[in-house]
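Here's the structure we're looking at; comments come further down.
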Amino acid sequence: MIAVLKHGTTPDQTQHLVSWLKTMNLDVHISEGQEITVLGLIGDTSRVDMDLLKSLEIVETVKRVSEPFKQANRKFHPNDTIIEVGDVRIGGGYFAVIAGPCSVESEEQIIEVATAVKASGAHILRGGAFKPRTSPYAFQGMKGEGIKLLLEAKKSTGLPIITEIMNIRDLPLFEDVDIIQVGARNMQNFDLLKELGKIKKPVLLKRGLANTLQELLMSAEYIMSEGNEQVILCERGIRTFETYTRNTLDVSAVCALHELSHLPVVVDPSHATGKAKMVPSMAVAATAAGADGIMVEVHNNPACALCDGAQSLTPAQFDELNLRIQKVREAIA
Ligand code: PEP
Ligand code: MN
203 MIAVLKHGTT PDQTQHLVSW LKTMNLDVHI SEGQEITVLG LIGDTSRVDM DLLKSLEIVE
263 TVKRVSEPFK QANRKFHPND TIIEVGDVRI GGGYFAVIAG PCSVESEEQI IEVATAVKAS
323 GAHILRGGAF KPRTSPYAFQ GMKGEGIKLL LEAKKSTGLP IITEIMNIRD LPLFEDVDII
383 QVGARNMQNF DLLKELGKIK KPVLLKRGLA NTLQELLMSA EYIMSEGNEQ VILCERGIRT
443 FETYTRNTLD VSAVCALHEL SHLPVVVDPS HATGKAKMVP SMAVAATAAG ADGIMVEVHN
503 NPACALCDGA QSLTPAQFDE LNLRIQKVRE AIA
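Heads up: the sequence shown runs through residues 203 to 535, numbered per the numbering used here.
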């Protein structure tokens, strides 16, 4: 971190600031020019309050020269992290297809979809039991009952399951869930993230609707700094001025996150577009960009889905998508 001091700062004021910075276990390199003095802060600056430093009367500007995320940072962990769930691996060249309905609606529905997506080659079954809905009057999910049905689908197909947690008090219900999802709306629910950092289970962390990649990585850092290193990042589209699609899929996030971090990156083209018709193309684009997996909503009867029917593929459309994905994977190998 670099702090530029204002013109006219006295040597006493500089020394006073340097002594204070040193109390934070930092080494300070002072470079005095004719006009300004520049302080180079060396050491772990992740705990330095940049805004506080900036607000000091003698400080002109403060700039970070290294990222504030450490454990998620590729600089300190050059090799790709590979997450394992049962026989499935994600990251470091292993590609996972996650598919299933937006929400678990009934035993018949989840078993039918699970059987179909498995036959098409999906590796992991998704299904929401706790649903974060914009309207309190919309279907809120089957909650604990939904998780039980997912576990039945897991038993009958052998597919590992992923489902979203909204409140940490529900954690006991997730004991046999293979991957816990943190939804976009909870990406910065820091108490939830810290608690998920204390468990030994992979967490799929979705990018918030209006969050930067650095904020996503700082949220991953919350989980990792508590001891859980099994984090999967998920790009699911962000809010922009465009309204034609539900969100705007940031495909470049795949490359940027791979550059910045060693964690696997999965793309969800369903919530990104909101339109089933666009989902296959965006899934293919994400695969071509080097994503470590995709997460796609599939429903046996999209027109009657209780949630997100418009963006759900039919099992037949999903089957076709899988063949395209395989071709792209071979082409970029
Ligand atoms: C979901 O995956 O079911 C979901 C609610 O997605 P998001 O958090 O990305 O909106
Ligand atoms: Mn959904």
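C-beta: ideal position from N, C-alpha, C; glycine also.
The Cβ neighbour count for Q432, taken over all protein chains shown within 10 Å, is at least 16; the residue is labelled buried.
Taking all protein chains shown into account, H231 has fewer than 16 neighbouring C-beta atoms within 10 Å of its C-beta and is therefore exposed.
With a threshold of 7 angstroms, the Cβ atom of H501 does not count as near ligand 1, since no heavy atom of the ligand is closer than that. Sequence-distant partners of C457 (beyond 5 residues in either direction) whose C-beta falls short of 8 angstroms from its own C-beta, in its chain, are A491, G492.
A straight line joining the alpha-carbon of H460 with that of V467 spans about 7 angstroms.
For H473, the enclosing alpha helix (DSSP H) begins and ends at 471 to 475.
Rounded to whole angstroms, R387 and A474 show a C-alpha spacing of 14 angstroms. Annotation for H473 indicates a beta carbon within 7 angstroms of some heavy atom of ligand 2.
Residue range 517 to 534 is occupied by the alpha helix (DSSP H) that includes K529. Judged by DSSP secondary structure, C509 falls outside any alpha helix (DSSP H); it is assigned neither H nor E. When distances are taken from the beta-carbon of C506 to the heavy atoms of ligand 2, even the shortest one reaches 7 angstroms or more. Note that the C-beta distance between S421 and L395 is below 8 angstroms.
In the displayed model, R276 falls within a helix according to three-state DSSP.
The C-beta of L254 has fewer than 16 other C-beta atoms within 10 Å across all chains shown, which makes the residue exposed. Ligand 2 never approaches C436 closely enough for any of its heavy atoms to be under 7 angstroms from the residue's Cβ.
Within its own chain, the residues whose Cβ lies closer than 7 angstroms to the Cβ of V453, once the five positions on either side in sequence are excluded, are A487, A488, A491, listed in chain order. Under DSSP, T211 forms no beta bridge with any residue. For S483, the enclosing alpha helix (DSSP H) starts and ends at 481 to 490. The count of Cβ pairs closer than 8 angstroms, one atom from the stretch 327 to 342 and one from the stretch 283 to 294, stays below three, leaving the stretches out of contact. Between A316 and G302, the gap from beta carbon to beta carbon is short of 8 angstroms. Taken through DSSP and simplified to helix, strand or coil, H218 comes out as helix. Remark: the shortest separation between the CB of D470 and any heavy atom of ligand 1 falls under 7 angstroms. By the Cβ criterion, the stretch 322 to 332 is in contact with the stretch 364 to 379, since at least three pairs of Cβ atoms, one from each stretch, lie closer than 8 angstroms. A Cβ-Cβ distance of about 5 angstroms is found for the pair E314 and N502, placing them in contact under the 8 angstroms criterion. In this structure, S308 keeps its C-beta atom at 8 angstroms or more from the C-beta atom of C509. Between P404 and I285, the gap from beta carbon to beta carbon is short of 8 angstroms.
Judged by beta-carbon spacing, V500 lies within the 8 angstroms limit of S514, meaning their Cβ atoms are closer than that value.
If you check the C-beta of D494 against ligand 2, you find no heavy atom less than 7 angstroms away. Between V299 and I534, the beta carbon gap of about 16 angstroms keeps them out of contact (Cβ cut-off 8 angstroms). Inter-residue distance for Q519 and K479 is about 10 angstroms (C-alpha atoms, whole angstroms). Between ligand 1 and C304, a heavy atom-to-CB distance of less than 7 angstroms is present. Residue burial annotation: P213 is exposed, with fewer than 16 other C-beta atoms found within 10 angstroms of its C-beta. Shown here for N524: same chain residues with a beta carbon closer than 8 angstroms to its own, the five before and five after excluded, namely V299, S322, G323, A324 in chain order.
When beta bridges are read from the DSSP output, R328 appears opposite I364.
For A455, the uninterrupted alpha helix (DSSP H) segment begins and ends at 454 to 462.
For E437, the enclosing beta strand (DSSP E) covers residues 433 to 437.
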